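Just so we're aligned: the sequence shown equals residues 24 to 326 in our numbering.
Have a look at the structure below, then the notes.
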Amino acid sequence: MTAASPNTSADIAELLAFYASAGVDEALEEAPVNRFAEAAPKPAARPPAPASAPRQSSPQDRLASEQRLTPERPAAGFDASRVPDAPARLMPATAAVPDEAQAALARQLASSAATLDELRQHMAAFDGCNLKFTAKNLVFADGNPEADLMLVGEAPGRDEDLEGLPFVGRSGRLLDRMLAAIGLDRNSAYIANVIPWRPPGNRTPTPHETEICRPFIERQIELVNPKVLVNLGGPSAKTLLNTSEGILRLRGNWRVHTTASGIAIPAMPTLHPAYLLRTPAHKKLAWRDFLEVKAKLGSLATS
Ligand code: URA
24 MTAASPNTSA DIAELLAFYA SAGVDEALEE APVNRFAEAA PKPAARPPAP
74 ASAPRQSSPQ DRLASEQRLT PERPAAGFDA SRVPDAPARL MPATAAVPDE
124 AQAALARQLA SSAATLDELR QHMAAFDGCN LKFTAKNLVF ADGNPEADLM
174 LVGEAPGRDE DLEGLPFVGR SGRLLDRMLA AIGLDRNSAY IANVIPWRPP
224 GNRTPTPHET EICRPFIERQ IELVNPKVLV NLGGPSAKTL LNTSEGILRL
274 RGNWRVHTTA SGIAIPAMPT LHPAYLLRTP AHKKLAWRDF LEVKAKLGSL
324 ATS
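Have a look at this one:
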């Protein structure tokens, strides 16, 4: 072992715990490779662009240059001080852009999307959230954008990442049964997540990642304009209902999600299906919440 390597079993256990929490849960090769360092931009000598054909700058380029983007902050969510005796080649690469600039860019792109298709395209082209680079797919939405009901979860898991669709794994199957219990399915509901890219190892998205992705889900809700919103779990409720209360207190009580254009959408925070799989005794609470949702949809349909 080199001098910078962990050299006690406690160090090694701590380093492995760090890897696991960062989503590094599979060994592919004997020796670690720092892909961030490989991906770091190399200064390349480029021939000057011909003066007669200036490149068209994209909205991303324009905002980036307005904000004078420089590699000045560590990658979002990466805290080097928590890595015990990390070898130098594992130390953090720097993010290309500061988080606030990314959130500003996300706001600009989201508000400029006039349709869900445009929004999806802007999100697919957006490079400002690190989660995109570890995810296999953008998980935009499933279901019917014309539906009266929209449900928003937290972030895709492994199955969703592989298929590019929200709630297709175990918790998705439970969600389908919950919808069926109130006479709905994916033709009569629209489903999305606060975060559209799978966090590595299914870790909790960082506050920075949530702030960067928030404009996209807010615009998605605004464009769908459902009659009723259901927040599946605490992270969705906290992000979209502007509250820091816990989900067990929030659930079962109507709240309001207000869109950027000022439309007030009744919102029901409820328990996340993944939580219900771990805590089946609480399914009866979610059942009550879904009955509330059914009644609200019925009353809005007749009013
Ligand atoms: N959990 C979520 O919050 N969203 C999904 O799409 C899947 C699981």
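Backbone N, C-alpha and C fix where the C-beta goes; we use that ideal spot for every residue, glycine too.
Since the structure is predicted, the reported quantities are computational estimates derived from the model, not experimental observations.
What ranges does the alpha helix (DSSP H) occupy inside the segment 140-184, keeping only unbroken runs of at least 4 residues that lie completely in it?
154-157
Using 10 angstroms around the beta-carbon of Ala170, count the other beta-carbons present and answer buried if the total reaches 16, otherwise exposed.
By 1-based counting over the sequence shown, the position of residue 170 is 147. The residue in question, Ala170, is buried, as its Cβ has 16 or more Cβ neighbours within 10 Å.
Determine the contact status of Leu246 and Thr138, defining contact as a CB-CB distance below 8 Å.
As a position in the sequence shown, residue 246 is number 223, starting the count at 1. As a position in the sequence shown, residue 138 is number 115, starting the count at 1. Taking 8 Å as the Cβ cut-off, Leu246 and Thr138 qualify as a contacting pair.
Close Cβ partners of Leu188 (< 6 Å) along its chain, the five nearest in sequence each way excluded
The residue given as residue 188 occupies position 165 in the sequence shown. So the qualifying residues of the chain are Asp165.
Proximity to Arg196 [Cα-Cα], best of Leu300, Leu320, Asp140:
Start at 1 with the first residue of the sequence shown, and residue 196 comes out as number 173. When only C-alpha atoms are compared, the closest one is Leu300.
Classification of Ser259 by the beta-carbon crowding that lies within 10 angstroms, buried from 16 upward:
Position 236 of the sequence shown, counting from 1, holds the residue named residue 259. Buried, because 16 or more other Cβ atoms sit within 10 Å of the Cβ of Ser259.
Tell me which same chain residues have a C-beta within less than 7 Å of the C-beta of Asp184, skipping the five on either side of it?
In the sequence shown, counting from the first residue as 1, residue 184 sits at position 161. Cβ neighbours of Asp184 beyond the five flanking positions: Ala158, Lys159, Asn160, Val162, Arg221.
Distance cut-off 7 Å: Glu232 Cβ against heavy atoms of the ligand URA
The count along the sequence shown starts at 1 and reaches residue 232 at position 209. Result no, Cβ not under 7 Å from the ligand URA.
Which of the three DSSP states, helix, strand or coil, is assigned to Asn216?
Here residue 216 is taken as the residue at index 193 of the sequence shown, counted from 1. Looking at Asn216 - three-state DSSP - the assignment turns out to be strand.
Return yes when at least one heavy atom of the ligand URA lies under 7 Å from the C-beta of Leu255, else no.
Stepping through the sequence shown from its first residue, residue 255 is reached at position 232. Yes, since a heavy atom of the ligand URA falls inside the 7 Å radius drawn around the Cβ of Leu255.
Just reading off the alpha helix (DSSP H) that Ala260 is part of, what are its end residues?
Residue mapping note: residue 260 aligns to position 237 of the sequence shown, counting from 1. Its alpha helix (DSSP H) spans residues 257-264.
Can you give the Cα-Cα distance for Asp122 and Pro303, rounded to whole angstroms?
As a first step, residue 122 is located in the sequence shown; it is residue number 99 there, counting from the start. As a first step, residue 303 is located in the sequence shown; it is residue number 280 there, counting from the start. Taking the straight line joining both Cα atoms gives about 38 Å.
When you get a sec, list the residues whose CB is within less than 5 Å of any heavy atom of the ligand URA, chain order please.
Gly176, Glu177, Pro179, Gly180, Glu183, Pro189, Phe190, Ser194, Asn216
By the 10 Å Cβ neighbour count, where 16 or more other Cβ atoms means buried, how is Ile270 classified, buried or exposed?
As a position in the sequence shown, residue 270 is number 247, starting the count at 1. The residue in question, Ile270, is buried, as its Cβ has 16 or more Cβ neighbours within 10 Å.
With 16 other Cβ atoms within 10 Å as the buried cut-off, status of Lys307:
Against the sequence shown, residue 307 aligns to sequence position 284. It counts as exposed.
Consult DSSP for Lys306 and reduce its assignment to one of helix, strand or coil.
Working through the sequence shown from its first residue, we reach residue 306 at position 283. It is helical.
Can you give me the start and stop residues for the beta strand (DSSP E) that Ala287 sits inside?
Counted from its first residue, the sequence shown places residue 287 at position 264. Looking at the DSSP string, the run of the beta strand (DSSP E) that includes Ala287 is 287-293.
Please report the straight-line C-alpha distance between Ile218 and Thr262, rounded to a whole angstrom.
The sequence position of residue 218 within the sequence shown is 195, counting from 1. The sequence position of residue 262 within the sequence shown is 239, counting from 1. In a straight line, the C-alpha of Ile218 is about 10 Å away from that of Thr262.
Is Gly256 closer than 8 Å to Tyr213 when the C-beta atoms are compared?
Here residue 213 is taken as the residue at index 190 of the sequence shown, counted from 1. Here residue 256 is taken as the residue at index 233 of the sequence shown, counted from 1. Cβ distance not < 8 Å, so Tyr213 and Gly256 don't count as in contact.
Is Val8 helix, strand or coil by DSSP?
The shown model of the chain, from 24 to 326, leaves out residue 8, and the question about it has no answer.
Nonlocal neighbours in the same chain, by C-beta distance under 8 Å from Thr281, ignoring five residues either side:
Your numbering for residue 281 matches position 258 in the sequence shown. The answer, listed in chain order, is Ala287, Ile288.
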